[in-house]
Each structure stands twice: as structure tokens, then as C-alpha cells.
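Please read the structure below before turning to the comments.
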Amino acid sequence: AQKITQTQPGMFVQEKEAVTLDCTYDTSDPSYGLFWYKQPSSGEMIFLIYQGSYDQQNATEGRYSLNFQKARKSANLVISASQLGDSAMYFCAMSHQDDMRFGAGTRLTVKP
Amino acid sequence: DGGITQSPKYLFRKEGQNVTLSCEQNLNHDAMYWYRQDPGQGLRLIYYSQIVNDFQKGDIAEGYSVSREKKESFPLTVTSAQKNPTAFYLCASSILTGYGTDTQYFGPGTRLTVL
């Protein structure tokens, strides 16, 4: 069975600094996708970034990058130059055969 | 604008009543999903549908029902059999490439409270 683990319930970062949110996963399948979503206080889940299990390069989307270490089964999200608007819940997810599983989330707070 | 809409944003229900949550998408996506989120937790899958007139149970389908009569619409009914329905409900949709790793896009959610 697929399992996603986010070990940081809460994280704090100073504005303009970088922050890494941890995510580990467990699967025996060779083909899977890894995702990060942002959930602000309004509740909507906003897609941030995707990494396929066969992708050789780490995914990047603007200030977001995914540090994919396949052998360690980790898919950490790196946010560079944090902004106050980055304060939100962040969820890691993994999809295999259209079955998407979510971690418990990390609450990020950006301090001015 | 393409997107996913959910209504209502807030819903209050008395015990013993059935309520229906609406989800509509104009992204021409094949697949649609319903998730439940409880405070401080991740999302759990209730039902999903990959084609009109067909749907599959997720991990927590008991006490819920769905229909998929149109590609654009996937309403969720919370029945009186659902023991603890107070939660945040999120609808999502995705294309189906066949690789099984398609990105899901979410609506704004409906917050259901049982009085």
C-alpha cells in the first residue's frame, strides 16, 4: 500500500529566506507521480509542482523546486525567497494507477 | 475561465437529513473525485468517476452516494447514514492519460456542519 509521511506539523521561516518541507513516501511500484499542493486558509487546494518517478531532473516551478531523491524515497519541497503569502498548509501527495494519497500536511508560517 | 466550482460554500444540516453538494467543471476533464478533509488531517477519497455513468468507491464511501450523468457534473449526497458528516469536502478533476499519475485540480470546497 502507498503511504505518504510528512514529519513536520509546523514550520517557521523568515521572510525572503528559503525553506524545505519534508516528504517521504513508500511504494513498491516503479511508476508513480509526486505532487505538492498548497492550502491557504480559504481551503482551496492549489497545485504547485509535479515530479514523475522516471524524471531524471528535479522539477522546478518558479520559486518552488522539488528535491527528488528516489533511492531515499523522499520528495522535499523547497520554497525560495519566502513571502508572507506563502503562509499556508502544504500537502505532499503520491499517485499510482489514478490512486492519489495525501500526507497529513505541514503548516508553514512566514515571519515578517 | 476554466475551472471547478462547488456549491454551496457553507452548508448546515440537521441530523437525519440528506444533503447534496454540487461540483461542476468546464475543463473537459474525464475524471472527477470527492475528498473529505477533517481538521488537521489530509484528504481521504470518498468516490471517483472516470467516465459518465460509472463511479468507484474510495476509502470512506459508506454513508455517501454520487452520480455522474454528465461529464461536467459529479454531485455528492451525504446521507443520514453517514455517522459524522461534519467536515470540509473537496471536489477535484483530472485528465486521464493512462499513466495513472495525472494532476488533480481542486474546487474551492464546501464546509458541511451538522447541527
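So the sequences go chain by chain: V and C.
When the letters of the first sequence are read in order and numbered with the working numbering, they come out as residues 1 to 112.
When the letters of the second sequence are read in order and numbered with the working numbering, they come out as residues 113 to 227.
Don't be surprised by glycine CBs; every beta carbon is placed ideally from N, CA and C.
Note that the structure is predicted; figures quoted are calculated from it, not measured.
Interface flag, residue i vs chain V, CB-CB below 8 Å
i, result
"Pro-120 (chain C)", "no"
"Phe-200 (chain C)", "yes"
"Gly-115 (chain C)", "no"
"Pro-220 (chain C)", "yes"
"Leu-155 (chain C)", "yes"
Proximity test, Cβ basis, 8 Å: residue i and chain C
i, result
"Ala-59 (chain V)", "no"
"Tyr-32 (chain V)", "yes"
"Asp-26 (chain V)", "no"
"Phe-68 (chain V)", "no"
"Tyr-64 (chain V)", "no"
Per DSSP, cross-strand counterpart(s) of residue i
i, result
"Met-89 (chain V)", "V:Gln-39, V:Arg-107"
"Asp-26 (chain V)", "V:Lys-3"
"Thr-215 (chain C)", "BP columns for Thr-215 (chain C) are empty, so no partner."
"Lys-16 (chain V)", "None; Lys-16 (chain V) has no bridge partner."
"Asp-98 (chain V)", "According to DSSP, Asp-98 (chain V) bridges with nothing at all."
"Ile-49 (chain V)", "V:Trp-36"
"Glu-61 (chain V)", "V:Tyr-64"
"Gln-168 (chain C)", "C:Tyr-160"
"Phe-200 (chain C)", "C:Gln-149, C:Arg-223"
"Thr-132 (chain C)", "C:Thr-189"
"Arg-72 (chain V)", "DSSP output for Arg-72 (chain V) lists no bridge partner at all."
"Ala-143 (chain C)", "C:Ser-206"
"Lys-182 (chain C)", "C:Ser-185"
"Tyr-176 (chain C)", "C:Val-190"
"Leu-84 (chain V)", "Bridge partners of Leu-84 (chain V): none, in fact."
"Gln-118 (chain C)", "C:Cys-135"
Presumed contact (8 Å Cβ cut-off) between residue i and residue j, rounded CB distance
i, j, result
"Thr-132 (chain C)", "Leu-188 (chain C)", "7 Å"
"Lys-111 (chain V)", "Gln-14 (chain V)", "5 Å"
"Gln-153 (chain C)", "Tyr-159 (chain C)", "That belief does not hold up - the Cβ atoms of Gln-153 (chain C) and Tyr-159 (chain C) are roughly 18 Å apart, past 8 Å."
Cβ contact check for the region 71-87 of chain V and the region 138-146 of chain C: 3 or more pairs under 8 Å: no
Cβ contact check for the region 94-109 of chain V and the region 4-18 of chain V: 3 or more pairs under 8 Å: yes
Contact between the region 144-153 of chain C and the region 191-201 of chain C (3+ Cβ pairs under 8 Å): yes
The region 12-30 of chain V in contact with the region 41-52 of chain V per 3-pair CB rule at 8 Å: no
Residues, ordered as in the chain, of the region 9-24 of chain V that lie near chain C by beta-carbon distance below 7 Å: none
Positions along the region 202-217 of chain C whose CB lies within less than 9 Å of some CB in chain V: Leu-202, Ala-204, Ser-206, Leu-208, Tyr-211, Gly-212, Thr-213, Asp-214, Thr-215, Gln-216, Tyr-217
Selection of the region 79-107 of chain V by Cβ proximity to chain C, strictly under 7 Å: Phe-91, Ser-95, His-96, Gln-97, Asp-98, Met-100, Phe-102, Gly-103, Ala-104, Gly-105
Inter-stretch contact (C-beta, 8 Å, three-pair minimum) for the region 63-81 of chain V and the region 12-22 of chain V: yes
Sufficient close CB pairs (3 or more, under 8 Å) joining the region 114-121 of chain C to the region 213-224 of chain C: yes
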